[in-house]
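Protein chains in written order, with the working numbering: chain A, 189 to 313; chain B, 5 to 185. The block underneath contains the structure these notes are about, expressed in structure tokens.
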């Protein structure tokens with residue numbers, strides 16, 4: 189997934205934390221390459237609402253999508269693959285309990301845990 | 005839900021199975037074990053010859069689960085009736101497949117193993133937190149309270165849940181001298 193954004197040091201720093209690497213840079217734009225979903229808020233970038241909106245409008249995502257929800261910019265890759273996992277009742281109950289504690293859905297928990305485990309194994313983060 | 009494994013009475017088999025399963029019954033010629041997790045037993049663990057191992061695999065009966073011969077052993081696992089669908093991007097899927105290939109498992113099985121181990125860790129941590137909170141409430145003001153457990157030298161080293169119940173049962177310090185409880 190390629191993310192083209194106006195040059196901003198804080199944004200680049202945040203993206204590098206989730207294993208995004210700069211591909212190209214010029215005076216006004218930066219192209220970053222990465223594969224994970226990322227959420228950036230206007231507070232993270234220390235921008236006012238209007239400035240943040242302008243920044244979000246200028247961001248271009250190839251191979252993925254961007255969504256702005258108020259003061260939050262969500263960049264995520266297109267999810268074209270489906271992985272089917274078979275679970276026993278006990279495993280399902282454990283996942284359900286864990287998801288309830290974290291106040292999220294089971295598939296969200298599964299996806300998040302899976303990706304963080306993979307990234308940790310590969311020392312991406 | 006736990007599954008039941010019926011295996012012939014054999015000391016070698018019993019020795020191996022008792023590490024992974026809980027013995028819940030026995031008949032004249034067999035033991036009944038209760039299992040919860042997915043386990044794979046290599047043939048070498050039993051110390052049986054090829055023929056003996058084949059016979060053993062055939063004689064094992066699993067209720068609420070299944071057995072499957074693997075390359076060098078037998079796998080016993082619970083039935084998995086629930087299906088969870090997760091959407092992944094191409095890159096994420098590629099990483100998963102590469103990792104799974106590295107360890108010689110199917111991507112879905114590898115994904116399940118990875119996530120379930122994390123979930124177990126998380127649930128254990130939550131239990132620990134809850135137990136610690138309970139202990140702190142009961143033993144917090146005690147002279148022997150170390151901040152992590154009971155430091156009373158007359159009590160065997162007990163932690164967490166054991167400390168909670170053990171402290172109340174065995175450590176009378178607080179009751180006698182402090183009178184908080």
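We put the CB at the ideal spot given by N, CA and C, even for glycine. Keep in mind that this is a model prediction, so the values were computed, not measured.
- A straight line joining the alpha-carbon of residue 311 of chain A with that of residue 209 of chain A spans about 15 Å.
- Chain A places a beta carbon closer than 9 Å to that of residue 87 of chain B, counting this residue as a contact.
- The shortest CA-to-CA distance from residue 92 of chain B to any of B:115, B:138, B:34 is the one to B:115.
- B:6 is the residue among B:131, B:6, B:121, B:72 whose C-alpha sits nearest the C-alpha of residue 38 of chain B.
- Among the residues facing chain B, residue 208 of chain A is not included, as its CB has no counterpart in that chain under 9 Å away.
- In the structure shown, the three-state DSSP call for residue 280 of chain A is helix.
- Residues of the region 257-269 of chain A with a C-beta less than 7 Å from any C-beta of chain B: 265, 266, 267, 268, 269, listed in chain order.
- Distance from the CA of residue 141 of chain B to the CA of residue 307 of chain A, rounded to the nearest whole angstrom, comes to 39 Å.
- For the region 226-254 of chain A, no residue has a beta-carbon sitting nearer than 7 Å to a beta-carbon of chain B.
- Residue 29 of chain B and residue 54 of chain B have their C-alpha atoms spaced approximately 28 Å apart.
- DSSP places residue 97 of chain B in the uninterrupted alpha helix (DSSP H) bounded by 94-107.
- The beta carbon of residue 20 of chain B is closer than 8 Å to those of 45, 49, 50 in its chain, skipping five residues each way along the sequence.
- The beta carbons of residue 248 of chain A and residue 193 of chain A sit closer together than 9 Å.
- Per DSSP, residue 211 of chain A is one residue of the beta strand (DSSP E) stretching across 209-213.
- Ranking B:41, B:57, B:83 by CA distance to the CA of residue 47 of chain B puts B:57 first.
- Going by DSSP, residue 58 of chain B is part of the alpha helix (DSSP H) stretching over 54-63.
- Boundaries of the beta strand (DSSP E) around residue 219 of chain A: 217-221.
- Classified as exposed, residue 128 of chain B has fewer than 16 neighbouring CB atoms from the shown chains inside 10 Å of its CB.
- By the neighbour-count criterion, in which a residue is buried when 16 or more other Cβ atoms sit within 10 angstroms of its Cβ, residue 246 of chain A is exposed.
- Beta-bridge partners assigned by DSSP to residue 285 of chain A: none are found.
- Within the DSSP bridge table, the entry for residue 111 of chain B names no partner.
- Per DSSP, residue 302 of chain A is one residue of the alpha helix (DSSP H) stretching across 294-309.
- Going by beta carbons, residue 42 of chain B and residue 81 of chain B fall inside the 9 Å limit.
- Burial check for residue 74 of chain B: the Cβ neighbour count within 10 Å stays below 16, so the residue is exposed.
- In the structure shown, residue 192 of chain A adopts extended strand secondary structure according to DSSP, grouped into three states.
- By the CB criterion at 9 Å, residue 66 of chain B and residue 8 of chain B fall inside the cutoff.
- Annotated three-state conformation of residue 267 of chain A is coil, per DSSP.
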